[in-house]
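Engineer:
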Amino acid sequence: MTRSSAQFTQPAGVSSASPLLVATAVVLGLAGLVLAAAGAWLIALGGSWYYLVAGLGLLASAWLLKRGGGIGLLVYAAVVLLTLVWSLWEVGFDWWPLAARGDVFFVLGLFLLSPWVARALARRDATGIGPTRAVLGGVLAAFLVAAVVSWTREPGRIEGIAPLPDASSNATSNAAAHPPPPTDEWTAYSGTGFGQRYSALDQITPANVGQLQEAWHFRTGDVRGQPGDPEETTFEVTPLKIGERLFLCTPHQSVVALDATTGAQLWRYTPEIKRPLALQHLTCRGLSYHAGSASPSPAPAPAPAGDCSAKLFMPTADGRVLALNPENGKPCMAFGNGTGQIDLWKNMPNVNPGSYYSTSPVVVTRSLFIVGGTVLDNVSTKEASGVIRAFDVNTGALVWNWDSGNPEDTAPIAPDRTYSANSPNSWSISSVDEALGLVYVPTGNQPPDQWGGKRTEGAERYSSSVVALDLASGRVRWHFQTVHHDLWDYDVPSQPSLVDLRVGSETLPALVQPTKQGELFVLDRRNGQPIVPVTERPVPQGAAAGDRTAPTQPVSGLSFDPPALTPADMWGGTVFDQLACRIAFHRLRYEGRYTPPSTQGSLIYPGNFGVFNWGGIAVDPQRQIAFATPTALAFVSKLVPRADDTTPYVQGKNRPNDSLPALNENFGAPFAVKLSAFTSVFGLPCQAPPWGHVAAADLRSGKVVWKHKNGTVRDSSPLPLPFAMGVPNLGGPVMTAGGVAFLSGTLDQYVRGYDVGNGKELWRSRLPAGGQATPMTYRGSDGRQYVVVAAGGHGSLGTRTGDHVIAYALPKR
């Protein structure tokens, strides 16, 4: 027998497998092998059997197709049908979770139906493959129908109509002493000291907001990337509008005055900042303004040289507060003993310039300004104090100090003493009610955030709280703790919003406090008692060695706390990274909200990015509602045991140069901490979208009126695809009496306008950089209502950097 006749004799009607079928079988086989192997691992962790079964099905289909049998299409169709049924069982008609489970199978199925594969199979299968192709086509069609149905659904969406304005709703016996909602001006970070982010202007309405156009565009010339900048160098400013001028500050501490109607620069002041600085953040969220005292004389005497009647207060990155003349930007030399400034490092322990300063604007009253500051998180146990101090607005003299380590002694500290080290700080914005004589301070945690075995009594009592301090003395009138023994960096990030709520026949002075864990605590601001009910609920136990967990945590009746994650919530761009996320989920410790950090690694949801952060909420005192921007992102917190107080366990070789701090090392504590977003190998969140919403809540009933996903992944994905998935937001909203709210802080580069009544997006404008700031609004000298937003990006979020301040208005008539 010859070699050729021995090797190539085949059954009649059967030819050798085509290269296309071999290649197709190899792809299916590799996919099946990965799914089967990883699926077996998932089963060992207690997870779903689907992936193993689907992987084995792909292996069988690959083997059959390589042999040239059309039966391989039937096996593949069975895998697709299994995937469809299983997906609908797990997530229902929810498009993005369905897509993650079925996209690879659907695309491969279309290829298997292609004419090229059909011809290759027909040459090998004498019985014909028409019926098997029809079965696969039918299954794929069913998957397509399910997808189309899911495009019309938005699980979790709430539809409703917000209450109409009620002019009597904020009428109280002492209403005359309350700051009226701003119209022409915007004299404080949130409009007024009440922190409402609400304007009584009504020129822009749902009917005409679509006509908004750019009125002017100013470039500050200040961008991140300079020597000594930390990663979190951000442009988060909300300008003030006083008279016909806008006042703003830049990340590198310049103060700029603009003509409010044209955007032309009037003056600029750039202080000399002492360097090097141990900065974790470099930002300036805003300035503060004091109008001065009106003179009773029609012809007042000339002010002494260097004196200022009105003042702008500017906190600096090296730990000072400057007083500037709004007219020309020059220092008020009669302030601060002839220096025009005060030194916040005075009487501080553990002096390390840059490790403490006020990133947020100070609170201004008739006679005082009150200032807190940010303290380095998770660097060491030897940090500065979180003391809250009140100074005279005219002289800069210290009037009182409230130190949680010594809370009863609020008299000005003696020159030879220091404040309590490492005490809870207040890095966010405070609010003030001068009629009640109270300033409301949101507090943070005592470092380190994720291990609290050696916290002081004062820290345990006042951390992660809203603290009401007496304006005259600085003493605590009341406090409300939002998290007990906080191990999750759930510091109170947002400015309290003050509003008078009509509850039944009674009008109550209320305080609304957003939190990172999603609560909106609605309290009586006279005494801290809940208006919307608060309950204490049991939480997971089992802290790290040397620590403890609180048995219960407070939960508000008005909450945007996202539902606990399940394996079905895991997500990815494909079934493969979705499976990897499920494996990661099962390997982490997770028992719902307040799962303690662990050396195993704990899933923290919501993460320390927060459902709410410093942007807070906007409150309409007429409608009695809040406009909220809840975000939901999971993080991983893993404790790393330390053997000494010097080795960088987390930073490793990437320890920052110069003065920048080694974050999360926790020098002096028994554990360092590794913190990261819970993402897939492709950098996508492991939890399914949406990750960000806009919503309205009725503050009287505690009900969510409407909630819609918000924002696209245009600027967060490799391809600029404007998929409306609902993205995180960092930066606050502003509401107006015209019934329109504005927001620019989403991760895509847009400023948007919404109908307050139903949440519908009515207008958007593309921004040249990330808009992680809170917009503001005012009336210009031309009679038009302006909306202004800063667009400069956010370093740690990776949004595009810039130096833009943009004003929008309706067309001139």
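In terms of full-length UniProt numbering, the sequence shown is numbered consecutively and its last residue is 813. Ideal Cβ positions, reconstructed from N, Cα and C, are used throughout, including at glycine.
Distance check for S602 and A584, CA to CA, integer angstroms please.
Structural biologist: What you label residue 584 is simply residue 584 of the sequence shown in a count that begins at 1. What you label residue 602 is simply residue 602 of the sequence shown in a count that begins at 1. So the two alpha carbons sit approximately 11 Å from each other.
Engineer: For the candidate residues L140, I129 and D569, whose alpha-carbon lies nearest to that of L82?
Structural biologist: The residue given as residue 82 occupies position 82 in the sequence shown. That would be L140, whose Cα lies nearest to the Cα of L82.
Engineer: Please report the residue range of the alpha helix (DSSP H) in which Y462 lies.
Structural biologist: Numbered from its first residue, the sequence shown carries residue 462 at position 462. Unbroken alpha helix (DSSP H) run through Y462: E457 to Y462.
Engineer: Does D698 have its Cβ less than 7 Å from a Cβ in chain C?
Structural biologist: Absence of chain C from the displayed structure is noted, only one protein chain being present.
Engineer: Just the Cα atoms here: how many angstroms apart are A77 and L121?
Structural biologist: The residue given as residue 77 occupies position 77 in the sequence shown. The residue given as residue 121 occupies position 121 in the sequence shown. Cα to Cα, A77 sits roughly 16 Å from L121.
Engineer: Quick check: the Cα distance between E608 and N325, rounded to an integer number of angstroms?
Structural biologist: Here residue 608 refers to the residue found at position 608 when the sequence shown is read from its first residue. Here residue 325 refers to the residue found at position 325 when the sequence shown is read from its first residue. Note on residue identity: the sequence assigns Asn, not Glu, to residue 608. Each residue's alpha carbon lies about 38 Å from the other.
Engineer: Just to confirm, are G726 and G692 a CB contact at a threshold of 7 Å?
Structural biologist: In the sequence shown, residue 726 corresponds to position 726, counting from 1. In the sequence shown, residue 692 corresponds to position 692, counting from 1. A contact, by the Cβ cut-off of 7 Å.
Engineer: Would you kindly work out how many angstroms separate the C-alpha atoms of G336 and P415, rounded to a whole number?
Structural biologist: Position 336 of the sequence shown, counting from 1, holds the residue named residue 336. Position 415 of the sequence shown, counting from 1, holds the residue named residue 415. Answer to the nearest angstrom: the Cα atoms are 16 Å apart.
Engineer: Measure the alpha-carbon distance for H252 versus S358 and round it to whole angstroms.
Structural biologist: In the sequence shown, residue 252 corresponds to position 252, counting from 1. In the sequence shown, residue 358 corresponds to position 358, counting from 1. Roughly 13 Å between the two C-alpha positions.
Engineer: Assign Q513 to one of three DSSP states: helix, strand, or coil.
Structural biologist: The sequence position of residue 513 within the sequence shown is 513, counting from 1. Q513 falls in the strand class under three-state DSSP.
Engineer: Near I617, what residues of its chain come up, given a Cβ to Cβ distance below 8 Å and the 5 sequence neighbours on each side ignored?
Structural biologist: By one-based count along the sequence shown, residue 617 stands at place 617. Closer than 8 Å at Cβ, skipping near neighbours: R197, S494, S497, V512, P514, L520, A626, F627, A628, T629, G732 and P733.
Engineer: Where do the ends of the beta strand (DSSP E) carrying R655 lie?
Structural biologist: Here residue 655 refers to the residue found at position 655 when the sequence shown is read from its first residue. R655 -> no beta strand (DSSP E), and no H or E assigned at all.
Engineer: Our contact map puts L376 next to A278 with C-beta atoms below 8 Å; I'd like the distance itself, whole angstroms only.
Structural biologist: The sequence position of residue 376 within the sequence shown is 376, counting from 1. The sequence position of residue 278 within the sequence shown is 278, counting from 1. Right, the Cβ-Cβ distance comes to about 7 Å (below 8 Å), so this counts as a contact.
Engineer: For T2, which three-state DSSP category applies?
Structural biologist: Taking the sequence shown and counting its residues from 1, the one referred to as residue 2 is at position 2. The predicted position of T2 is uncertain, since its pLDDT is 43 and thus under 50; no value can be drawn from it.
Engineer: Between S556 and V532, how many whole angstroms is the CB-CB distance? I'm expecting something under 8 Å.
Structural biologist: Here residue 556 is taken as the residue at index 556 of the sequence shown, counted from 1. Here residue 532 is taken as the residue at index 532 of the sequence shown, counted from 1. Between V532 and S556 the Cβ distance is about 6 Å, and since that is below 8 Å, they are a contact.
Engineer: I need the DSSP call for H178, collapsed to helix, strand or coil.
Structural biologist: Along the sequence shown, read from residue 1 onward, the residue named residue 178 stands at position 178. Reduced to three states, the DSSP call for H178 is coil.
Engineer: Check whether the Cβ atoms of V387 and D409 sit closer than 7 Å, and answer yes or no.
Structural biologist: Locating residue 387 in the sequence shown gives position 387, counting from the first residue. Locating residue 409 in the sequence shown gives position 409, counting from the first residue. No, these two residues do not count as a Cβ contact at 7 Å.
Engineer: Apart from the five residues just before and just after D184, which ones in its own chain have a Cβ nearer than 7 Å to its Cβ?
Structural biologist: Counting from 1 along the sequence shown, the entry for residue 184 is found at position 184. Taken in chain order, the residues that qualify are Y778 and R779.
Engineer: I want to know whether the region 800-811 touches the region 769-776 - three or more CB-CB distances under 8 Å.
Structural biologist: Short answer: they touch.
Engineer: With respect to the beta strand (DSSP E) encompassing I583, which residues constitute its N-terminal and C-terminal limits?
Structural biologist: The residue labelled residue 583 in the question sits at position 583 within the sequence shown. Not the beta strand (DSSP E): I583 falls in the alpha helix (DSSP H), residues V575 to R587.
Engineer: Would you report the Cα separation of L110 and I43, rounded to the nearest angstrom?
Structural biologist: As a working mapping, residue 110 is identified with position 110 in the sequence shown. As a working mapping, residue 43 is identified with position 43 in the sequence shown. Cα to Cα, the separation comes out at about 30 Å.
Engineer: Is the region 661-669 touching the region 356-371 in the sense that three or more CB pairs, one from each, lie closer than 8 Å?
Structural biologist: No, the region 356-371 does not touch the region 661-669.
Engineer: Using the three-state DSSP reduction, which class does A40 fall into: helix, strand or coil?
Structural biologist: Along the sequence shown, one-based indexing puts residue 40 at 40. Looking at A40 - three-state DSSP - the assignment turns out to be helix.
Engineer: Grab me the residues of K707's own chain with a C-beta within less than 6 Å of its C-beta, minus the 5 sequence neighbours each way, in chain order.
Structural biologist: Translated into the one-based positions of the sequence shown, residue 707 becomes position 707. Counting only Cβ-Cβ distances below 6 Å, and skipping sequence neighbours, we find I158, H693 and A695.
Engineer: What residues are listed by DSSP as bridge partners for F106?
Structural biologist: Residue mapping note: residue 106 aligns to position 106 of the sequence shown, counting from 1. For F106, which the question treats as bridged, DSSP gives no partner whatsoever.
Engineer: Span of the alpha helix (DSSP H) holding P131?
Structural biologist: Residue numbering aside, residue 131 sits at position 131 when the sequence shown is read from its first letter. Element bounds for P131: G130 to W151.
Engineer: Just the Cα atoms here: how many angstroms apart are L45 and L639?
Structural biologist: To locate residue 45, count along the sequence shown from 1; it is residue 45. To locate residue 639, count along the sequence shown from 1; it is residue 639. Roughly 22 Å separates the two Cα atoms.
Engineer: Based on DSSP bridge pairs, tell me the residues matched to L469.
Structural biologist: Indexing the sequence shown from 1 puts residue 469 at position 469. In DSSP, L469 forms a bridge with V439 and V476.
Engineer: Among the candidates G702, A62, A724 and I413, whose CA atom is the shortest distance from the CA of K709?
Structural biologist: Within the sequence shown, numbered from 1, the residue matching residue 709 stands at position 709. Nearest of G702, A62, A724 and I413 to K709, Cα basis: A724.
Engineer: Would you tell me roughly how many angstroms separate the C-alpha atoms of S423 and G458, rounded to the nearest one?
Structural biologist: Taking the sequence shown and counting its residues from 1, the one referred to as residue 423 is at position 423. Taking the sequence shown and counting its residues from 1, the one referred to as residue 458 is at position 458. Cα to Cα, the separation comes out at about 8 Å.
Engineer: Taking P448 and N378 to be in contact with their CB atoms under 8 Å, please state how far apart those CB atoms are, rounded to whole angstroms.
Structural biologist: As a position in the sequence shown, residue 448 is number 448, starting the count at 1. As a position in the sequence shown, residue 378 is number 378, starting the count at 1. About 5 Å; that satisfies the 8 Å criterion.
Engineer: Within the continuous beta strand (DSSP E) that includes Y289, where are the two ends?
Structural biologist: Residue mapping note: residue 289 aligns to position 289 of the sequence shown, counting from 1. Taken as a continuous stretch (DSSP letters only), the beta strand (DSSP E) holding Y289 covers S288 to H290.
Engineer: Please list, in chain order, all residues of the same chain as R623 whose beta carbon is under 6 Å from its beta carbon, the five residues on each side excluded.
Structural biologist: Counted from its first residue, the sequence shown places residue 623 at position 623. For R623, where only same-chain residues beyond five positions count, the Cβ hits under 6 Å are A162, P163 and P165.
Engineer: Please name the residue or residues paired with N729 in a DSSP beta bridge.
Structural biologist: Position 729 of the sequence shown, counting from 1, holds the residue named residue 729. In the DSSP output, where bridge partners are listed per residue, N729 has T746.
Engineer: Would you list the one or two residues that DSSP bridges to M314?
Structural biologist: For the purposes of this step, residue 314 is identified with residue 314 of the sequence shown, where counting begins at 1. According to DSSP, M314 bridges with L322.
Engineer: Looking only at its own chain, which residues have a Cβ that is under 7 Å from the Cβ of V75, when we skip the five neighbours before and after it?
Structural biologist: One-based indexing of the sequence shown puts residue 75 at position 75. Answer for V75: G57, A60, S61 and L64, listed in chain order.
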